[in-house]
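Chains as they are written, first to last, in the numbering used here: chain A, 1 to 167; chain B, 1 to 358.
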Amino acid sequence: MSEELQLHLNRREFFSYLSVGWITFTAACAGMASLAFRFSYPNVNFEPEMEFLAGKTSDYEEGVDERWKNGFGVWMVKVEGKLFALSNICTHLGCIPNWLPAELKFKCPCHGSGYYMTGVNFEGPAPRPLERYAISITTEGLIKVDKTKIYRSEKGQWDHPSSFIPV
Amino acid sequence: MKEIINWMAEPIRSFPTFAILFFLMLKHYKTVGTKKFAYISLAVFFPAICWFCADPNFIKIILWPDNIPINILIITITFFTWLTLYKCAENDNRIEAGQLPLEALPENREKVWSWPNLVYTELFMIIACTIFLIVWAIIFKAPLEEPANPTWAPNPAKAPWYFLGLQEMLVYFDPWMAGVVLPVIILVGLILIPYIDTNPKGNGYYTFAERKMAITGFMFGWLVLWIYLIIVGTFLRGPNWTFYGPFEFWDFHKVEPMYNVNLSEYFWIKIFNTPMPTSLILREIPGIIITVIYLLMIPPIIGATKFGKKIIEKSGQIRFYIFVMLVLGMTSLPIKMILRWLFDLKYIIALPEWELNL
Ligand code: FES
């Protein structure tokens, strides 16, 4: 009888040990996995914001304005009676072109694509013009640039009313 | 003199020069592959290179830390190419005279144990390479640059040295082609070589005369396309990825007048003087036709020639067509480069609406 009890207890002990061990193991694994998951995200996020206010239309002179380029990756271009927000991502392989004021063109440092002030590609391997972002005027009269909406010239989207502000 | 070299180095002139030199080298491999030739060219090139290095712009590119591997690569590749030709010439002369190739002589067929012969050599090489890399890392320090910024790129933005050939290829192609399709073709093609090439000649010994076509084809892709592009991408591309001669100062404002046009624009606007058709397929039809002809017509045409028939007979239809398609993939690169230089052609098929450009 006592031996039987002993056996019985042993088995119960075994299962309780097993479950404690198993739970610990799972918890450790989950902890490691969550640490690894956390590790794959940056501690500080320098991603430019997708929406920003860009001052008044009167702030901009004719031509290319670079003030939002470093913070938000956008050139404000005022040309031919239109003000629009030009993306600074090369349509070839996604490098960041430079604005060359003397030559009046954007030039990509990676494979040498060139774009006119309007964003239209004319030299190098870029297959299509730079993209434009949605731009609108808020009720306070400020310009709002929304980078989540993209207008592509080759799809005929540059005539869309929210792709530019008439000035 | 420096002006002439700068002028000659421009891809439109240096690429054909390089290709011609390559074919001359293979044609006269028995002259090139002699010790005398090696000593004479060393005697000629050593002072020339010293004179090159006296130029401040040249030495600056050469000693730029990122470019050191390319210098090592140029030296080793020159040496090994010569060594191959030397051994080939030696064996071919023997075979012509009715003797066995050197490697087949009894004293060269002797076998040794891998332990200790091979293992000791390997151990020694591991230590030597480690020392070399450490010394190199101490002499040429990796620069510490500003934190990464997604809205700014260095100018010129250069890939690591082993990718510079690919980056230079991207100048002529859409990223899909030069970044995905062509590298895959290169890799698959290299893997397929032993399955396509079933010719037993040249197994285990050096020879050129018995494997002319195979060696020429492979070395063309390796030296003229890959290595040449790496050299251009490394030494001759400056700010804005503009071309700069080896003695030219990297002036940020050098402008190269360039205006690239798609084949469809040539076809509809320049030749027919009509506006571009709105239907995409109709717009790109000339390019599509040319591509289809290139890919589907050329293989049977080659297959019908005497040369093609010989290969089909030797290795079979399937091997022949795979081989021709791989070669066509390889030749598409020089074709596209030459079209860009001569006609400012951008894309043969340009369908940016579908992210598809050829
Ligand atoms: S990424 Fe701009 S030219 Fe290739």
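Don't be surprised by glycine CBs; every beta carbon is placed ideally from N, CA and C. Computed from a predicted model, the values in this text were never measured in an experiment.
Any C-beta of chain B sitting closer than 8 Å to the C-beta of Phe106 of chain A?
-> Not one beta carbon of chain B lies nearer than 8 Å to the beta carbon of Phe106 of chain A.
Thinking C-alpha only, which one of B:Gly303, B:Phe307 and B:Glu313 is nearest Tyr321 of chain B?
-> The option with the nearest alpha carbon to Tyr321 of chain B is B:Gly303.
Taking 7 Å as the line, does the beta carbon of Pro16 of chain B fall inside it for any heavy atom of the ligand FES?
-> Every heavy atom of the ligand FES is 7 Å or more from the Cβ of Pro16 of chain B, so no.
Is the Cβ-Cβ distance between Leu26 of chain B and Thr198 of chain B less than 8 Å?
-> Their beta carbons are not under 8 Å apart, which means Leu26 of chain B does not touch Thr198 of chain B by this criterion.
Length of the line joining the Cα atoms of Ile312 of chain B and Leu326 of chain B | Computed Cα separation, rounded: 15 Å.
Cβ-Cβ separation, Pro69 of chain B to His92 of chain A (assumed contact under 8 Å), whole Å = A Cβ-Cβ distance of about 26 Å is found for the pair His92 of chain A and Pro69 of chain B, leaving them out of contact under the 8 Å criterion.
Would the C-beta of Leu170 of chain B count as close to the ligand FES, meaning under 7 Å from any of its heavy atoms?
-> Yes.
Could you have a look at Pro175 of chain B and say whether DSSP puts it in helix, strand or coil?
-> Of the three classes helix, strand and coil, the one that applies to Pro175 of chain B here is helix, per DSSP.
Is the Cβ of Val112 of chain B closer than 8 Å to any Cβ of chain A?
-> It does not; no Cβ of chain A falls within 8 Å.
Can you tell me whether DSSP reads Ala350 of chain B as helix, strand or coil?
-> Ala350 of chain B falls in the strand class under three-state DSSP.
Beta-carbon gap between Leu229 of chain B and Met276 of chain B smaller than 8 Å = The Cβ atoms of Leu229 of chain B and Met276 of chain B do not sit closer than 8 Å to each other.
By the 10 Å Cβ neighbour count, where 16 or more other Cβ atoms means buried, how is Tyr39 of chain B classified, buried or exposed?
-> Classification for Tyr39 of chain B: exposed.
Which of the three DSSP states, helix, strand or coil, is assigned to Trp136 of chain B?
-> Trp136 of chain B falls in the helix class under three-state DSSP.
For the beta strand (DSSP E) containing Leu100 of chain A, list its first residue and its last residue.
-> Annotation: the continuous beta strand (DSSP E) that includes Leu100 of chain A extends over Asn98 to Leu100.
Would the beta-carbon of Leu93 of chain A be found less than 7 Å away from any heavy atom of the ligand FES?
-> Checking the Cβ of Leu93 of chain A against the ligand FES gives yes.
At least one CB of chain B closer than 8 Å to the CB of Ala102 of chain A: is that the case?
-> So yes, Ala102 of chain A belongs to the interface.
Have a look at Trp82 of chain B and Asp92 of chain B and give me their C-alpha separation to the nearest angstrom.
-> Those two C-alpha atoms are separated by around 15 Å.
Neighbour flag for Tyr151 of chain A against chain B, beta carbons, 8 Å | Chain B, which has no Cβ nearer than 8 Å to the Cβ of Tyr151 of chain A, makes this no.
Chain D contact for Ala9 of chain B (CB, 8 Å cutoff) | Reference to chain D is not applicable here, since the protein chains of this structure are A and B.
Could you tell me whether the Cβ of Glu353 of chain B comes closer than 8 Å to any Cβ of chain A?
-> Chain A, which has a Cβ nearer than 8 Å to the Cβ of Glu353 of chain B, makes this yes.
Beta-bridge pairing of Val79 of chain A - partner residues as DSSP gives them | Note: Val79 of chain A sits in a beta bridge opposite A:Lys82.
Is Ser87 of chain A helix, strand or coil when you go by DSSP?
-> Correct three-state label for Ser87 of chain A: strand.
Rounded separation between Leu130 of chain A and Lys82 of chain A - CA only | Each residue's alpha carbon lies about 16 Å from the other.
Is Ala134 of chain A helix, strand or coil when you go by DSSP?
-> Residue state, collapsed to three classes: strand.
Does DSSP put Asn155 of chain B in a helix, in a strand, or in coil?
-> Here Asn155 of chain B sits in coil by DSSP.
Test item: CB-CB of Pro125 of chain A and Val171 of chain B under 8 Å | Cβ distance < 8 Å, so Pro125 of chain A and Val171 of chain B count as in contact.
Return the Cβ separation of Leu166 of chain B and Ala178 of chain B in integer angstroms, given the expectation that the two are a contact with Cβ distance under 8 Å.
-> Approximately 6 Å separates the beta-carbon atoms of Leu166 of chain B and Ala178 of chain B; this is inside 8 Å, confirming the contact.
By a C-beta neighbour count over all protein chains shown, 10 Å radius and 16 as the cutoff for buried, is Phe15 of chain B buried or exposed?
-> By the 10 Å Cβ count, Phe15 of chain B comes out buried.
Where do the ends of the beta strand (DSSP E) carrying Tyr151 of chain A lie?
-> Its beta strand (DSSP E) spans residues Ile143 to Tyr151.
Could you run through the segment 117-133 of chain A and flag, in chain order, every residue whose CB is less than 8 Å away from some CB of chain B?
-> For chain B, the residues of the segment 117-133 of chain A that bring a beta carbon within less than 8 Å of one of its beta carbons are Phe122, Glu123, Gly124, Pro125, Pro127 and Arg128, in chain order.
Say whether chain A places a C-beta atom closer than 8 Å to the C-beta of Asn155 of chain B.
-> The Cβ of Asn155 of chain B sits closer than 8 Å to at least one Cβ of chain A.
Going by beta carbon distance, what residues of the same chain come within less than 6 Å of Ile96 of chain A, once the five residues before and after it are set aside?
-> Counting only Cβ-Cβ distances below 6 Å, and skipping sequence neighbours, we find Asn88.
For chain A, find out if any of its Cβ atoms is closer than 8 Å to the Cβ of Asp197 of chain B; answer yes or no.
-> Cβ-Cβ to chain A under 8 Å: no for Asp197 of chain B.
So what's Lys201 of chain B in DSSP terms, helix, strand or just coil?
-> Looking at Lys201 of chain B - three-state DSSP - the assignment turns out to be coil, as it is neither helix nor strand.
Range covered by the alpha helix (DSSP H) that runs through Lys314 of chain B | Element bounds for Lys314 of chain B: Lys306 to Ser315.
Tyr347 of chain B at chain A interface by Cβ criterion, 8 Å = Answer yes: the Cβ-Cβ gap between Tyr347 of chain B and chain A drops below 8 Å somewhere.
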